[in-house]
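Protein chains in written order, with this note's numbering: chain A, 216 to 340; chain B, 216 to 340; chain C, 216 to 340; chain D, 216 to 340; chain E, 216 to 340; chain F, 216 to 340.
Number of protein chains: 6
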Amino acid sequence: MENTIYERGVSRLKEVDSVAGERVIASLADISPDFGRYIIEFGFGEIYSRPGLTLQQRELATIAALTALGNAQPQLKVHLAAALNVGLTRTEIVETMIQMAVYAGFPAALNGLFAAKEVFAEHGV
Amino acid sequence: MENTIYERGVSRLKEVDSVAGERVIASLADISPDFGRYIIEFGFGEIYSRPGLTLQQRELATIAALTALGNAQPQLKVHLAAALNVGLTRTEIVETMIQMAVYAGFPAALNGLFAAKEVFAEHGV
Amino acid sequence: MENTIYERGVSRLKEVDSVAGERVIASLADISPDFGRYIIEFGFGEIYSRPGLTLQQRELATIAALTALGNAQPQLKVHLAAALNVGLTRTEIVETMIQMAVYAGFPAALNGLFAAKEVFAEHGV
Amino acid sequence: MENTIYERGVSRLKEVDSVAGERVIASLADISPDFGRYIIEFGFGEIYSRPGLTLQQRELATIAALTALGNAQPQLKVHLAAALNVGLTRTEIVETMIQMAVYAGFPAALNGLFAAKEVFAEHGV
Amino acid sequence: MENTIYERGVSRLKEVDSVAGERVIASLADISPDFGRYIIEFGFGEIYSRPGLTLQQRELATIAALTALGNAQPQLKVHLAAALNVGLTRTEIVETMIQMAVYAGFPAALNGLFAAKEVFAEHGV
Amino acid sequence: MENTIYERGVSRLKEVDSVAGERVIASLADISPDFGRYIIEFGFGEIYSRPGLTLQQRELATIAALTALGNAQPQLKVHLAAALNVGLTRTEIVETMIQMAVYAGFPAALNGLFAAKEVFAEHGV
């Protein structure tokens with residue numbers, strides 16, 4: 216059954232963002248493969264596989280939170296790519312960043328917008 | 216023209232959550248009425264009046280961010296009421312909280328869920 | 216197999232702190248029982264069941280982190296009780312709090328010490 | 216010589232805010248008197264005794280930081296009283312709080328303003 | 216009238232720091248010019264144009280907050296340049312950073328001091 | 216007597232990590248030598264010289280806290296080297312990082328693991 220959660224996680228991760236996600240898992244291979252397994256099982260096999268929110272809503276919530284926290288730029292960039300991948304528009308992403316100025320301050324919003332600018336350029340959006 | 220932004224803010228705030236929002240503005244009257252004006256003008260007349268995201272998306276982003284930050288429980292409760300008011304379901308709110316465990320840890324998600332429990336009870340949801 | 220993880224989590228939680236832990240799980244029953252399950256499965260069935268650190272080391276790391284973050288007082292108190300339960304001494308706990316002044320500032324350390332004072336009093340330490 | 220730093224700290228603390236400061240030191244007596252000594256020696260005997268900033272500038276910096284961090288309300292209140300005590304005006308304090316909306320978000324500023332409202336009421340300002 | 220706020224913001228920004236500020240606004244042109252407008256209107260046309268604090272006090276509060284938060288290094292550097300520009304001395308800036316060790320920990324203060332070292336070198340201070 | 220604290224700090228710092236620690240002190244020489252002195256006196260002469268926790272427990276608490284805070288990567292790397300130096304194993308360090316996913320989220324744990332990967336490589340662990 217745990218196997219099922221892992222497999223469900225792998226296939227959910229592919230839906231969200233196969234390239235960046237796989238790169239993260241691969242980069243954990245020589246330091247903690249178990250932690251890569253937890254990302255797949257708990258993150259994608261459990262949380263991102265739950266009904267109740269669309270993948271677009273999930274990525275909107277994630278980029279809002281990571282922009283507000285402001286201390287996880289690499290993960291924010293992975294999820295900006297994922298946000299585009301699951302169908303959020305450039306406008307929706309930019310609006311989410313702008314709104315974070317109200318809740319976490321202008322520097323957090325600015326650093327989010329600059330991360331988005333980089334990811335949009337890489338993806339030709 | 217600034218007047219227009221203020222009026223637009225007042226009417227947007229009414230759409231989002233008239234009761235809790237007005238209570239916050241009122242509570243600022245004897246310490247900083249200008250700050251109440253900024254909440255209305257910048258927060259609601261500008262940011263929440265922008266096209267590009269629905270009010271449901273805006274409240275989803277806000278409760279995600281405030282849950283992740285974990286240091287603004289009174290404002291999280293105001294926005295949980297607003298989230299219900301603009302049509303987010305109890306399930307969508309609970310799912311957003313649960314997801315925050317992945318990005319900000321289990322205590323942040325737990326404190327978000329307990330705040331939601333209180334607000335749902337007050338609103339008979 | 217998932218069942219095994221859940222059962223392992225339940226028994227690990229009992230070792231760490233049966234009373235406070237069960238109270239948290241119970242308080243989630245009417246808002247998100249699934250989140251209670253994740254705490255048991257992921258938190259205790261996976262992470263706290265891993266070899267490599269003793270339970271004393273795990274609780275030391277947890278109270279250090281929650282004191283430094285400073286935005287999860289209820290969870291800090293649960294883990295202060297757990298820390299005593301797995302055998303950390305009052306001195307070890309107080310020293311960990313004091314040290315956090317260096318890494319997260321004096322207010323974080325102070326609020327940690329006051330939480331410890333409360334928990335020590337409740338446990339007659 | 217360490218004695219001198221302690222004595223200098225005690226007298227500096229008295230200048231800043233004798234009542235609230237002494238209450239904090241007293242509340243540490245049965246959990247960690249050493250930590251009370253560090254507050255006096257390092258906090259007041261060293262940092263607050265340095266030339267280069269006035270006590271008004273020091274308290275302005277402190278209330279800005281604690282408002283922005285948003286996870287140390289008891290200490291923020293102690294320093295709001297201290298800020299009044301060393302001669303910062305109600306206006307200067309309120310303006311500092313308002314400005315924090317730009318750097319740490321509106322909830323942080325709001326919670327700072329509400330703390331100030333309480334402290335002003337207690338001090339009849 | 217909104218126009219007036221924008222113009223007031225532009226001229227206030229010039230007083231504070233024309234070079235770095237304009238660079239930030241320019242860098243937003245292709246991702247969110249509206250956000251650049253909000254920085255000018257709300258940040259400088261409103262907040263930094265308020266009476267009650269001098270520009271030196273405002274920059275002191277800002278560098279204290281950004282040093283304590285520790286997750287906005289690019290914005291901290293912009294405001295370190297602004298702090299010098301409005302007349303804060305190297306000593307006042309360094310003292311503010313050192314003091315943050317008490318409220319946000321030694322790493323936050325260290326990273327603030329290293330940012331100051333860079334900005335002082337660029338400005339030949 | 217203060218001299219004694221400084222000397223005790225120097226020798227304690229040598230026990231913990233002579234190379235990285237001395238580099239930090241040296242880098243402060245031209246911006247704030249006093250802050251270097253506080254690191255030695257307060258950090259190492261006082262806190263790290265206290266009985267009640269072993270150096271291994273102290274470094275475990277420190278890497279837990281810095282990983283959870285997520286905004287002090289340079290200091291986390293210094294303490295990862297120190298953790299190895301005082302005898303924590305690669306496994307104990309990795310386990311501490313993994314556990315932080317529960318309390319501060321997966322991005323904080325991931326960034327901690329990547330910092331550990333770098334430091335392990337530099338030290339040939």
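The beta carbon of each residue, even a glycine, is placed where N, CA and C say it ideally should be. Bear in mind that the values here come from a model prediction, so they are computed numbers and not experimental data.
- Since GLY320/F meets chain B, which of its residues come closer than 7 Å, beta carbon to beta carbon? On the sixth sequence, residue 320/F is found 105 positions in, with the first residue counted as 1. Ordered by position in chain B, the residues that pass the 7 Å Cβ test against GLY320/F are VAL317, TYR318, ALA319 and GLY320.
- From ASP249/F to ALA331/A, what distance separates their C-alpha atoms? Your numbering for residue 249/F matches position 34 in the sixth sequence. Your numbering for residue 331/A matches position 116 in the first sequence. C-alpha separation (whole angstroms): 40 Å.
- Nearest chain E C-beta to VAL309/A closer than 8 Å, yes or no? Reading the first sequence from its first residue, position 94 is the one you call residue 309/A. Taking 8 Å as the threshold, the shortest C-beta distance from VAL309/A to chain E falls below it.
- Message: Just checking: is the beta-carbon of THR277/A within a distance shorter than 8 Å of some beta-carbon in chain B?
- Response: Numbered from 1 along the first sequence, position 62 holds the residue referred to as residue 277/A. Yes, contact with chain B.
- Task: Pull up the distance between the alpha-carbon of ALA276/D and that of ALA276/E, whole angstroms please.
- Result: The residue you call residue 276/D lines up with position 61 of the fourth sequence. The residue you call residue 276/E lines up with position 61 of the fifth sequence. Near 5 Å, if we compare the C-alpha coordinates of ALA276/E and ALA276/D.
- Task: Determine the chain F residues that contact GLY285/E at a beta-carbon separation under 7 Å, and present them in chain order.
- Result: Position 70 of the fifth sequence, counted from the start, is the residue given in the question as residue 285/E. Taking a Cβ-Cβ cut-off of 7 Å, the neighbours of GLY285/E in chain F comprise ASN286 and ALA287, given in sequence order.
- Query: Three or more C-beta pairs closer than 8 Å, one from the region 297–304 of chain B and one from the region 231–239 of chain B: is that the case here?
  - Reply: With a cut-off of 8 Å, the region 231–239 of chain B and the region 297–304 of chain B count as touching, because enough Cβ pairs lie within range.
- Provide the residue span of the alpha helix (DSSP H) that contains PRO322/F, from first to last. By 1-based counting over the sixth sequence, the position of residue 322/F is 107. Looking at the DSSP string, the run of the alpha helix (DSSP H) that includes PRO322/F is 321–337.
- Task: Could you confirm whether any beta carbon from chain C is found closer than 8 Å to the beta carbon of SER247/D?
- Result: The residue given as residue 247/D occupies position 32 in the fourth sequence. Output row for SER247/D: interface = yes.
- For the alpha helix (DSSP H) that ASP249/C lies in, which residues bound it at each end? As a position in the third sequence, residue 249/C is number 34, starting the count at 1. Counting along the chain, the alpha helix (DSSP H) containing ASP249/C begins and ends at 248–253.
- Message: Counting only beta-carbon separations shorter than 8 Å, does PHE259/A have a partner in chain C?
- Response: The count along the first sequence starts at 1 and reaches residue 259/A at position 44. No, PHE259/A does not count as interfacial toward chain C.
- Cutoff 8 Å: TYR263/D Cβ touching any chain F Cβ: In the fourth sequence, the residue the question calls residue 263/D occupies position 48. Contact of TYR263/D with chain F is not assigned, every C-beta pair being separated by 8 Å or more.
- Apart from the five residues on each side of it in sequence, which residues of its chain come closer than 7 Å, Cβ to Cβ, to GLU261/F? The residue given as residue 261/F occupies position 46 in the sixth sequence. Around GLU261/F: ILE220.
- Task: Report the neighbours of TYR253/B on chain E: residues whose CB is nearer than 9 Å to its CB, in chain order.
- Result: Residue 253/B sits at position 38 when you count from the first residue of the second sequence. Within chain E, the residues near TYR253/B are PHE257, GLU261 and ILE262.
- Is any beta-carbon of chain F found at less than 8 Å from that of LEU303/E? As a working mapping, residue 303/E is identified with position 88 in the fifth sequence. False, the Cβ-Cβ gap to chain F never drops below 8 Å.
- Classify THR269/E as helix, strand or coil using the three-state DSSP reduction. Counting from one through the fifth sequence, the residue named residue 269/E turns up at place 54. In this structure, THR269/E counts as coil in the three-state DSSP scheme.
- Item | Cβ-Cβ distance between GLY320/F and VAL317/B below 8 Å | Within the sixth sequence, numbered from 1, the residue matching residue 320/F stands at position 105. Within the second sequence, numbered from 1, the residue matching residue 317/B stands at position 102. In this structure, VAL317/B lies closer than 8 Å to GLY320/F by Cβ.
- Item | Helix, strand or coil at ASP245/A [DSSP, three-state] | One-based indexing of the first sequence puts residue 245/A at position 30. Coil.
- Message: What does the alpha-carbon distance come out to for the pair GLN288/B and GLY224/F?
- Response: Counting from one through the second sequence, the residue named residue 288/B turns up at place 73. Counting from one through the sixth sequence, the residue named residue 224/F turns up at place 9. Roughly 41 Å separates the two Cα atoms.
- Message: Looking only at its chain, what residues have a beta carbon closer than 7 Å to the beta carbon of PHE335/F, apart from the 5 residues adjacent to it on each side?
- Response: The residue labelled residue 335/F in the question sits at position 120 within the sixth sequence. Counting only Cβ-Cβ distances below 7 Å, and skipping sequence neighbours, we find ARG305.
- In chain order, what residues of the same chain have a beta carbon less than 7 Å from the beta carbon of MET315/C, not counting five sequence neighbours either side? Here residue 315/C refers to the residue found at position 100 of the third sequence. The residues are ALA279, THR282, ALA283, ALA323, ALA324 and GLY327.
- Measure the alpha-carbon distance for TYR253/C versus TYR263/C and round it to whole angstroms. Taking the first residue of the third sequence as 1, we reach residue 253/C at position 38. Taking the first residue of the third sequence as 1, we reach residue 263/C at position 48. If you take the alpha carbons of TYR253/C and TYR263/C, they lie about 13 Å apart.
- Item | Cutoff 8 Å: LEU291/E Cβ touching any chain F Cβ | As a working mapping, residue 291/E is identified with position 76 in the fifth sequence. False, the Cβ-Cβ gap to chain F never drops below 8 Å.
- Task: Tell me whether the beta-carbon of VAL228/B lies closer than 8 Å to the beta-carbon of ILE246/B.
- Result: As a first step, residue 228/B is located in the second sequence; it is residue number 13 there, counting from the start. As a first step, residue 246/B is located in the second sequence; it is residue number 31 there, counting from the start. Note that residue 228/B is Leu in the sequence shown here, rather than Val. Remark: C-beta atoms of LEU228/B and ILE246/B do not approach each other more closely than 8 Å.
- Beta carbon of GLU274/D nearer than 8 Å to that of LEU268/E: Residue 274/D sits at position 59 when you count from the first residue of the fourth sequence. Residue 268/E sits at position 53 when you count from the first residue of the fifth sequence. No, they are not a contact pair.
- According to the neighbour-count rule (16 or more other Cβ atoms, all chains shown, within 10 Å of its Cβ), is GLY339/E buried or exposed? The count along the fifth sequence starts at 1 and reaches residue 339/E at position 124. With fewer than 16 neighbouring CB atoms inside 10 Å of its own CB, GLY339/E falls in the exposed class.
- Task: Give me the Cβ distance between ASN218/F and ASN286/E, rounded to the nearest whole Å; I'm assuming they're in contact under 8 Å.
- Result: Position 3 of the sixth sequence, counted from the start, is the residue given in the question as residue 218/F. Position 71 of the fifth sequence, counted from the start, is the residue given in the question as residue 286/E. The C-beta distance from ASN218/F to ASN286/E rounds to 38 Å, too long to fall under 8 Å, and the pair is not in contact.
- Query: Does any residue of chain C bring its CB to less than 8 Å from the CB of THR219/F?
  - Reply: As a working mapping, residue 219/F is identified with position 4 in the sixth sequence. It does not: the Cβ of THR219/F has no partner Cβ on chain C nearer than 8 Å.
- Task: Reducing DSSP to helix, strand and coil, say where ASN218/B ends up.
- Result: The sequence position of residue 218/B within the second sequence is 3, counting from 1. The answer is helix: DSSP assigns ASN218/B an H, G or I state.
- Item | GLY236/D versus GLU333/D, LEU291/D and ILE313/D, residue with shortest Cα-Cα distance | Taking the fourth sequence and counting its residues from 1, the one referred to as residue 236/D is at position 21. GLY236/D has its Cα closest to that of LEU291/D, out of GLU333/D, LEU291/D and ILE313/D.
- Item | Proximal residues to MET216/A (C-beta, below 8 Å), its chain only, five neighbours per side dropped | Your numbering for residue 216/A matches position 1 in the first sequence. With a pLDDT of 49 at MET216/A, under the threshold of 50, the predicted position of this residue should be treated as unreliable, though the coordinate-derived value follows. Within its own chain, no residue has a Cβ closer than 8 Å to the Cβ of MET216/A once the five positions on either side in sequence are excluded.
- Task: Would you please verify whether the beta carbon of LYS332/B is less than 8 Å from any beta carbon of chain C?
- Result: Counting from 1 along the second sequence, the entry for residue 332/B is found at position 117. Interface residue, yes.
- Extent of the continuous alpha helix (DSSP H) run through LEU291/D: Here residue 291/D corresponds to residue number 76 of the fourth sequence, with the count starting at 1. For LEU291/D, the uninterrupted alpha helix (DSSP H) segment begins and ends at 288–300.
- Assigned secondary structure, GLY260/B (DSSP; H/G/I helix, E/B strand, else coil): Your numbering for residue 260/B matches position 45 in the second sequence. Three-state result, GLY260/B: helix.
- Should ALA296/F go down as buried or exposed, given a rule of 16 or more other Cβ atoms within 10 Å for buried? Here residue 296/F refers to the residue found at position 81 when the sixth sequence is read from its first residue. With 16 or more Cβ atoms within 10 Å of its Cβ, ALA296/F is classed as buried.
- Run through DSSP, which three-state label would LEU303/B get? Translated into the one-based positions of the second sequence, residue 303/B becomes position 88. In this structure, LEU303/B counts as coil in the three-state DSSP scheme.
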